[in-house]
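Peer 1:
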Amino acid sequence: MLSFILRRLGTMALTMLCLTLVVFFLINLNPNLKKLAISQTEMHTSAEQLEDWLVNHGYRQNFFVRYGQWLGVLPKQPIIDPATGKPAQRFSFCNDPVEPKFSGVLQGDFGCSTKFKTTVAAKLFPALGATGLLMFWVLAVMVPISLLIGILAGMREGSRTDRTLSVASIASTATPEYVSGVIFTVIFASWLGWLNGSAASASQGLTFYNFTLPVMTLAIYGIGYIARMTRASMVEVMTQQYIRTARLKGLSFGSVVVKHALRNALIAPFTVIMLQFPWLLTGVVIVEVMFRYQGFGYTLVEAAGNNDIDLLLGCSLVSVFIVLITQLISDVGYAFLNPRIRVQ
Amino acid sequence: MQIEYISGFDVIIGVLGRFWPVWIALVLMIGVSFAFKKKLGLYGQLFDSGVGIAGVGICLFWLFTAIFASTISPFDPLAQVSIMKDALPGAIEPTSKLIYYFGGDKLARDVFSRMVYGSQIVLIIAPAATGFALMVGITLGLPAGYYGGKIDTLLSFLANLVLAFPVILLFYLLVTPGIMDTPIPYAMAGLFFLFPIIFFSVLFWTRFKNRPDRLYILLGLTLVIGGWIYAGLVFDADPLKIVHIDPNQLNIFVAVVFASSPGVFRIVRGLTMDIKTRDYVAAAQTRGESPWYIMLWEILPNARGPLIVDACLRIGYTTILLGTLGYFGLGLAPESPDWGTAIKDASRLLRSFIHPALPPTIALMSFVLGLNLLADSLREQSMKD
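Respectively, the protein sequence lines represent chains Z and V.
Those letters in the first sequence? Residues 152 to 495, by my numbering.
Those letters in the second sequence? Residues 626 to 1010, by my numbering.
1. Do the CB positions of Leu-285(Z) and Phe-176(Z) come within less than 9 Å of each other?
2. Please list the terminal residues of the continuous alpha helix (DSSP H) segment that includes Pro-984(V).
3. With a threshold of 16 other CB atoms inside 10 Å of the CB of Trp-687(V), please say whether the residue is buried or exposed.
4. Taking CB distances under 9 Å as the criterion, tell me whether Thr-897(V) reaches chain Z.
5. For chain Z, is any of its Cβ atoms less than 9 Å away from the one on Val-792(V)?
6. How would you call Asn-183(Z), buried or exposed, if buried means at least 16 neighbouring beta carbons within 10 angstroms?
7. So, under 8 Å CB-CB, Val-483(Z) and Met-167(Z) are touching, yes? Tell me the CB distance rounded to an integer number of Å.
8. Give a yes or no on whether 9 Å exceeds the smallest Cβ distance from Gln-495(Z) to chain V.
9. When you check each C-beta in the stretch 302-335 of chain Z against every C-beta of chain V, which residues fall closer than 8 Å?
10. Could you work out which residues of chain V lie near Ser-481(Z), taking near to mean beta carbons separated by less than 7 Å?
11. Sort Ser-695(V), Glu-1005(V), Leu-703(V), Leu-713(V) by Cα distance to Gly-633(V) and report the nearest one.
12. Between Lys-266(Z) and the ligand SAM, is there a pair consisting of the residue's CB and a ligand heavy atom that are separated by less than 8 Å?
13. Between the beta-carbon of Leu-298(Z) and the beta-carbon of Thr-381(Z), is there less than 9 Å?
14. Closest Cβ-Cβ distance between Ser-885(V) and chain Z: below 9 Å?
15. If Cys-263(Z) and Phe-242(Z) are in contact, beta carbons under 8 Å, what's the gap, nearest whole angstrom?
16. Whose C-alpha, out of Arg-1004(V), Asp-963(V), Ser-977(V), Leu-999(V), is nearest the C-alpha of Thr-986(V)?
17. Among Lys-731(V), Leu-732(V), Met-709(V), whose alpha-carbon lies nearest the alpha-carbon of Tyr-725(V)?
18. Can you list, in chain order, the residues of its chain whose CB lies under 6 Å from that of Gly-995(V), leaving out five sequence neighbours each side?
19. Contact criterion: CB-CB distance below 9 Å. Does Leu-157(Z) meet it with respect to chain V?
20. Might you give, ordered along the chain, the residues of its own chain that have their beta carbon closer than 6 Å to the beta carbon of Tyr-210(Z), omitting 5 neighbours on each side?
21. Report the start-end ranges of each alpha helix (DSSP H) in the stretch 667-713 of chain V that is 4 residues or longer and not cut off at the edges.
22. Got a sec: is the Cβ-Cβ distance from Gly-448(Z) to anything in chain V below 9 Å?
23. For Ser-470(Z) and chain V, any beta-carbon pair shorter than 9 Å?
24. Suppose you measure from the CA of Val-487(Z) to the CA of Gln-391(Z); what does that come to, to the nearest Å?
25. Does the beta-carbon of Glu-328(Z) have 16 or more other beta-carbons within 10 angstroms, so that it is buried, or is it exposed?
26. Does the distance from the CB of Val-827(V) to the CB of Leu-921(V) come in under 9 Å?
27. If we ignore side chains and look at the alpha-carbon of each, how far apart do Pro-916(V) and Ala-188(Z) end up?
28. Taking contact to mean at least 3 C-beta pairs separated by less than 8 Å, is the stretch 248-261 of chain Z in contact with the stretch 419-427 of chain Z?
29. Residues in the stretch 797-812 of chain V with C-beta within 9 Å of chain Z's C-beta atoms, listed in sequence order?
30. Considering Met-367(Z), what are the terminal residues of the alpha helix (DSSP H) in which it resides?
31. So Ser-1007(V) and Ile-746(V) are in contact, right, with Cβ under 8 Å, and what is the actual spacing, rounded?
32. Do Val-440(Z) and Phe-953(V) count as a contact pair if the criterion is CB distance below 9 Å?
33. Could you give the DSSP three-state label for Thr-270(Z): helix, strand or coil?
34. Going by the beta-carbon positions, is the gap between Val-889(V) and Ile-763(V) smaller than 9 Å?
35. Could you check the C-alpha separation between Arg-929(V) and Thr-943(V) for me, to the nearest Å?
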C-alpha cells in the first residue's frame, strides 16, 4: 500500500511538472507577453518601449531559464536598472531580491501578481480560503441530498419513486451552473426577493441572504450526477444474494436497507464524490464570477483576463494539485473501503 | 413613439405558430419512425418508453429548429431596431408589424430570433467536435487497450495530463485572441483532423486488403473527401470555397476536441481491455488476422453500445462547454447569437430585465436534457439485449 501511494505521488509530481511547463509555455506566448507589457506601461507606448519593458523585467530571458527560476532550481536574477546601472527589484510591490537568489515555487515563493500589485501568495491564499468555505457548504448540502435521492430511487428499482427521482436527477445534470444560476436568480432574487443576487458582501460576513444562491447553484449540478451513481450502486446491491437472504430471514425491508444494503452501496458514491472536485472547480469559477464572490475562481478569471503570469501559474498549480490529490484520495479510499480490491 | 404589445396568450400562440416547419417535420419523422419501428433496430426500440420518446422528440425539435432557422425567426439575429431596446415580450415592431415574441435585449435585437439562430451554432459545433473527439479517442484507445505495455503507459499518461487540467483553465489558455497569432491552433487542428482520415483508411485497408477493386475506390474516396475537408478546415485552402471555418470557430473547435478526446480514449481503452479476452477475438487471432483488423472489425463493433451512449452524453456535455465558453466571452464573437453569449449578456442585467435571460437558458437546458434522456433510454435498451 505504501509503495503504491509513493509511486502515485511520484507520477503526480511528474504530471505537475509537465503541466506547469505547458501552462508556462502557453502563458508566455509572444502575444500574451505583448498584452502584459501594454497593460503594465503607460498609454500610447511605442513598440520599442514595450520591448524594452519586457527585456528590462526579464521576460526575454531563455524560456527554460525562466521556468527554472519560477520553479526555484535556478537563481532569480535581479534586473539592472537602465538609469542607474545598479541591480534593482523587478517589481517594487513584492520585495523581489536585489541579489541572485533561489526563490521559486519550491522555496515557497509564488512570484508577483502584476494585476493586484502584491505577491501571489498574499492574493491566492485568502481567495482559496473563501472558496474553501463555499466548497464546504456546497458539499454539506450536496452530499446528503444526493445520497438520499440515490438511495430512495435505487431501493425499489422501477417503482414510481425511482422513475420520478431518476428523471429529476437527469434534469439536474442537464443544468449547468450558468443556467441554474440565472434561473434561481430570476426566481428567488428578482421575483420573490428572498435572496440576494450577489454574494459580494459575503466576504465580510456570510449570511443566509447572500450565500444561499451560490451554494444552491453549485450544488444542483452535482446532485443529479452523484444521485445517479448512488442509485446504480444501490440497485446492484439490492439484487445480491445476501439481501435476499436477509429478507427471507424475515427482516423488515427498512432494516435490510439500512443495515445490509447501505454500507455496501455507499462505496461507489465515495469515489464519485471525490472525482467531483475537478468539476466543482469549473463550477466555482462560473458561480464566483456570476455572484461576484471574491474567491479562487474570481482570482483565476482576473489573472487570465489580465495575463497576470505568476498569479495564473499559481492558480493552475493549485487547481492541478486539487485534481490530482482528489484522484489519489479516491483510489486509496476505495481500496480501504472495499476489501475485495487489493492494490498490487 | 409608443410600442404596442400583444397579450401573453397571443405570444404563446404566435411562438408555436412560428415553429410550424418544425412541427410538420417532427410529425413526419416520428410518424415514419413509429410505422417502421420494428425494422429500425436500436433507434426503433427508443420509441418503447416515454423517456426515449421525450429524448428523441427534444433532440429532433432542436435539430429541425437549426435546419429551418431562417424560416422560423422573424428577424435577423444581429439586426438592431433601436426603438425596441429592452422591449418586453410581445412588443410589435412598428415598421414591419412583426412581433418581438420574447422581447428585445439591451442592443435592441430580437431575443426569439437569436435563440433560434443560436441553435445552429450549437448543433453544428457540438456534434462535429464530439465526432472528431470520438475518432481521436478510438484511434488511440484501441491500440492502447489492445497492445498494453509501453504504448498504453505513454498514451494513458498523456490522457491523464489533459484530464488533470480543469476545463476552464484549459480554455482560458487555449481560446484567447492572442493564440490566434501563433501557429498552435492550426498545428493542433492539423493533428486532430488527421485522425479521421487515418481511421477510415486503416478501416478499409484491413477489411479489403485482398479485394483491390473495392479497396482502391474506398481508399480513394476517403483520401479525396478527407483531404478536401482537411485542406478547407486547417489551411482554409478549399479550392471550391465550400468548406470554410472561421479562425475563431476553429480555435473553439480544436479546444473542445482537445478537452474531450481523453475521455473517449479512456472509455475505448477500458472497453478494449475487456473485449480482447473474449473468444471471438481469440478465434480471429488464431485465424491469423492482423491486430488492426481485430481492433477495428472485431472489437470496435462490439463496443458500440457504450460508445453510442457516451457520444450522446458527450454532445450534451460539449453543448455545456460551448455555453461556458460563451459565458466567459471566450472565442465566439461578442455579437454571436449562441446561447452561452446570450446568457452572459442577459445575466449582467438581471436586476432590471429578466426576459432576455430566460429563452437561451431554457433552450440550452432542454437540449442537454433531451440528449441525456436519449442516452439514458439507449443505455436501458442496449442492456436488455
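Even for Gly, the Cβ is constructed at its ideal location relative to N, Cα and C.
Peer 2: Quick answer:
1. no
2. 983-1009
3. By the C-beta density criterion, Trp-687(V) is buried, having at least 16 other C-beta atoms within 10 angstroms.
4. no
5. yes
6. Buried, since its Cβ has 16 or more Cβ neighbours within 10 Å.
7. Val-483(Z) to Met-167(Z), Cβ: 18 Å. No contact.
8. Low confidence applies to Gln-495(Z): its pLDDT is 45, below 50, so where it sits in the model is not reliable enough to give any reading.
9. Ser-317, Val-318, Ile-321, Ala-322, Thr-324, Ala-325, Thr-326, Pro-327, Tyr-329, Val-330, Gly-332, Val-333, Ile-334
10. Those do not exist, as Ser-481(Z) stays about 13 Å from chain V at its closest Cβ, beyond 7 Å.
11. Measuring C-alpha to C-alpha distances from Gly-633(V) to each of Ser-695(V), Glu-1005(V), Leu-703(V), Leu-713(V) identifies Leu-713(V) as the nearest.
12. No copy of the ligand SAM appears in this structure; indeed no ligand is present at all.
13. Yes; because the gap between Cβ atoms is below 9 Å, this pair is in contact.
14. no
15. 5 Å
16. Asp-963(V)
17. Met-709(V)
18. Gly-680, Ile-683, Cys-684
19. no
20. Leu-184
21. Complete alpha helix (DSSP H) runs here, min 4: 675-692, 694-697.
22. yes
23. For Ser-470(Z), the nearest CB of chain V lies under 9 Å from its own CB, placing it at the interface with that chain.
24. Note on residue identity: the sequence assigns Phe, not Val, to residue 487(Z). In a straight line, the C-alpha of Phe-487(Z) is about 21 Å away from that of Gln-391(Z).
25. buried
26. Going by C-beta atoms, Val-827(V) is nearer than 9 Å to Leu-921(V).
27. 54 Å
28. no
29. Tyr-797, Leu-798, Leu-799, Thr-801, Pro-802, Gly-803, Ile-804, Met-805, Asp-806, Thr-807, Ile-809
30. That run of the alpha helix (DSSP H) goes 359-389.
31. The pair is not a contact, with the Cβ atoms about 31 Å apart (cut-off 8 Å).
32. Against a cut-off of 9 Å, the Cβ pair of Val-440(Z) and Phe-953(V) comes out as a contact.
33. Of the three classes helix, strand and coil, the one that applies to Thr-270(Z) here is strand, per DSSP.
34. yes
35. When the Cα atoms are used, Arg-929(V) and Thr-943(V) turn out to be separated by approximately 20 Å.
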